[in-house]
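For reference, the structure is listed below as structure tokens.
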Amino acid sequence: MGDDDDELIRPVGAEAAAHAASLLPPGARPSATVTAYLAGLSRRQLREMLGALGREGPRILEQAMREYAGLATLVEQARVPLNMRAASVRDAAAAKGRRNGSREIGSGPASRRIPRGSRHCRG
Numbered sequence: 001m002g003d004d005d006d007e008l009i010r011p012v013g014a015e016a017a018a019h020a021a022s023l024l025p026p027g028a029r030p031s032a033t034v035t036a037y038l039a040g041l042s043r044r045q046l047r048e049m050l051g052a053l054g055r056e057g058p059r060i061l062e063q064a065m066r067e068y069a070g071l072a073t074l075v076e077q078a079r080v081p082l083n084m085r086a087a088s089v090r091d092a093a094a095a096k097g098r099r100n101g102s103r104e105i106g107s108g109p110a111s112r113r114i115p116r117g118s119r120h121c122r123g
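Using the UniProt record's numbering, you'd call the opening residue of the sequence shown number 1 and step up by one each time.
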């Protein structure tokens, strides 16, 4: 099993779950129980849980978040470790590109890699 596979099945852990709770917007009140529950889930399980909620449709999800205290906070708190992982993967890819002697120009599908020292100007 590769590092990426391990990362998907290993629980996110108490530190990441507590960090996620600390990053919630003002007014959100994460509970210790939710934080402990999320700490025991893997990134794959978090993705599956959020995916299942998303498949219910926005209207149903909005209604459930109003009716069930803490559901909105749980959803936001569950997204944080996934976003942190996505950011670390992007950072690693960018660092690898820099080590290979190229730099990213622009963003999105129109971006391209130009070797260091190139006199090519984007215009």
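Where a beta carbon is used, it is the ideal one built from N, C-alpha and C, also for glycine.
query	result
Cα-Cα separation, I9 to P81	13 Å
Cutoff 6 Å; reference E15; Cβ partners in own chain excluding five residues on either side	none
Contacts around T73, its chain only, beta-carbon distance under 6 Å, and the 5 residues preceding and following it disregarded	A28 and P30
Host alpha helix (DSSP H) of E15 (start-end)	G13 to S22
Cβ-based burial, Q77 [other Cβ within 10 Å; buried from 16]	buried
Proximity winner among T35, E62 and R79, relative to M49 (alpha-carbon distances)	R79
Counterpart residues of S42 in DSSP-defined beta bridges	P11
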